[in-house]
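Notes to accompany the following structure.
Residue numbers (my numbering), protein chains in the order written: chain B, 51 to 164; chain Y, 275 to 387.
Printed below as a string of structure tokens:
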């Protein structure tokens, strides 16, 4: 089946630094990818829709200057958390629309900001 | 405003019995519903889905029922197995949008041997 690879799986960083998370569709092309965030014991919340070759669409309340999304190719989208702070600590998950119009999720990235 | 709600945070059942996970939604514009299984620190895994034009979809041990008038869906797992223990998320999709999903809060299922 279709595979979405997300890297890194876990990252710990100091407050004020930036962190980049990669999401790759390994065996299919994805013109659209999605970034979700999950706080402990809460629902997955859509942050933004990443469109290949164009600007991302952000959900209400998500700061686009803080969460930079780049979708430069049909198989790669990146999320950069800029100037990370402890409140940005969360589980970030990407997904891609793949074969059969199904959504395939990456394995997630646990971000811890000290 | 929580458009998709899973009001039971946890459920415990005995192995071999039926597990019933419930989900309610508020938005009539949803046209597709999905159930995902998730383990800690992992991404969700797709289980089963149902279109709003149907009221039942079955796949092996998993059956999803949709009651549009009540804006309610449920996932039945029978027989339940210890390996089914995980967090189950209900998700809804807006008509015409293949990727934007609205998730419920999740229900932690524990299947006891």
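For every residue, glycine included, the Cβ atom is placed at its ideal position computed from N, Cα and C. All figures in this text were calculated on a predicted structure; none of them were measured in a lab.
Distance between residue 134 of chain B and residue 383 of chain Y (C-alpha atoms, nearest Å): Numbered from 1 along the second chain, position 109 holds the residue referred to as residue 383 of chain Y. Numbered from 1 along the first chain, position 84 holds the residue referred to as residue 134 of chain B. Near 34 Å, if we compare the C-alpha coordinates of residue 134 of chain B and residue 383 of chain Y.
If you measure beta-carbon to beta-carbon, which residues of the region 143 to 154 of chain B are closer than 9 Å to chain Y? So the list reads 143, 144, 145, 146, 147, 151, 152, 153, 154, given in the order they occur along the chain.
For residue 111 of chain B, which option in B/97, B/56, B/143, B/144 has the closest C-alpha, if you only look at C-alpha atoms? As a working note, residue 111 of chain B is residue 61 in the first chain. Looking at the Cα atoms, B/97 is the closest of the given residues.
Compare the C-alpha of residue 77 of chain B against each of B/126, B/84, B/60 and name the closest. Within the first chain, the letter at position 27 stands for residue 77 of chain B. Among B/126, B/84, B/60, the Cα nearest to that of residue 77 of chain B belongs to B/126.
Counting along the chain, where does the beta strand (DSSP E) carrying residue 166 of chain B start and finish? Here chain B covers residues 51 to 164 and nothing more, so residue 166 of chain B does not appear.
The beta strand (DSSP E) with residue 331 of chain Y in it runs from where to where? Looking up residue 331 of chain Y in the second chain gives position 57. Counting along the chain, the beta strand (DSSP E) containing residue 331 of chain Y begins and ends at 330 to 333.
Which one of B/154, B/120, B/63 has the shortest CA to CA distance from residue 54 of chain B? As a working mapping, residue 54 of chain B is identified with position 4 in the first chain. When only C-alpha atoms are compared, the closest one is B/154.
So the candidates are Y/329, Y/315, Y/307; which of them puts its Cα closest to the Cα of residue 322 of chain Y? Locating residue 322 of chain Y in the second chain gives position 48, counting from the first residue. Of Y/329, Y/315, Y/307, the smallest CA-CA separation from residue 322 of chain Y is found for Y/307.
Beta-carbon proximity list for residue 164 of chain B, same chain, < 6 Å, skipping 5 on both sides: Residue numbering aside, residue 164 of chain B sits at position 114 when the first chain is read from its first letter. So the list reads 64, once near-sequence residues are dropped.
At least one CB of chain B closer than 8 Å to the CB of residue 375 of chain Y: is that the case? To locate residue 375 of chain Y, count along the second chain from 1; it is residue 101. It does; some Cβ of chain B falls within 8 Å.
Run through DSSP, which three-state label would residue 305 of chain Y get? One-based indexing of the second chain puts residue 305 of chain Y at position 31. If DSSP states are grouped into helix, strand and coil, residue 305 of chain Y belongs with the strands.
Which residues in the same chain have their Cβ closer than 7 Å to the Cβ of residue 70 of chain B, if we skip the five residues on either side of it in sequence? Taking the first chain and counting its residues from 1, one reaches residue 70 of chain B at position 20. For residue 70 of chain B, where only same-chain residues beyond five positions count, the Cβ hits under 7 Å are 128, 130.
Report, in whole angstroms, the separation of the C-beta atoms of residue 379 of chain Y and residue 280 of chain Y, which I expect to be a contact under 8 Å. Here the question's residue 379 of chain Y lines up with position 105 in the second chain. Here the question's residue 280 of chain Y lines up with position 6 in the second chain. Rounded, the Cβ-Cβ distance is 5 Å, consistent with contact.
Helix, strand or coil at residue 345 of chain Y according to DSSP, with G and I counted as helix: Indexing the second chain from 1 puts residue 345 of chain Y at position 71. Residue 345 of chain Y falls in the coil class under three-state DSSP.
Going by beta carbon distance, what residues of the same chain come within less than 8 Å of residue 345 of chain Y, once the five residues before and after it are set aside? Within the second chain, numbered from 1, the residue matching residue 345 of chain Y stands at position 71. Excluding sequence neighbours, residue 345 of chain Y sits near 298, 299, 300, 302.
With a 10 Å radius around its C-beta and 16 neighbouring C-beta atoms as the bar for buried, classify residue 114 of chain B as buried or exposed. On the first chain, position 64 is the one that residue 114 of chain B refers to. It is exposed - the Cβ of residue 114 of chain B has fewer than 16 other Cβ atoms within 10 Å.
For residue 89 of chain B, collect the residues of the same chain with a Cβ closer than 7 Å to its Cβ; drop the 5 residues on either side in sequence, then sort them by chain order. As a position in the first chain, residue 89 of chain B is number 39, starting the count at 1. Closer than 7 Å at Cβ, skipping near neighbours: 140.
Identify, in the order they occur along the chain, each residue of the same chain with its Cβ nearer than 8 Å to the Cβ of residue 117 of chain B, setting aside the five sequence neighbours on each side. Position 67 of the first chain, counted from the start, is the residue given in the question as residue 117 of chain B. Cβ neighbours of residue 117 of chain B beyond the five flanking positions: 85, 97, 98, 108, 129, 130, 131, 132.
From Y/347, Y/352, Y/353, pick the residue whose C-alpha is nearest to that of residue 296 of chain Y; which is it? Along the second chain, one-based indexing puts residue 296 of chain Y at 22. Minimum Cα distance to residue 296 of chain Y is reached at Y/347.
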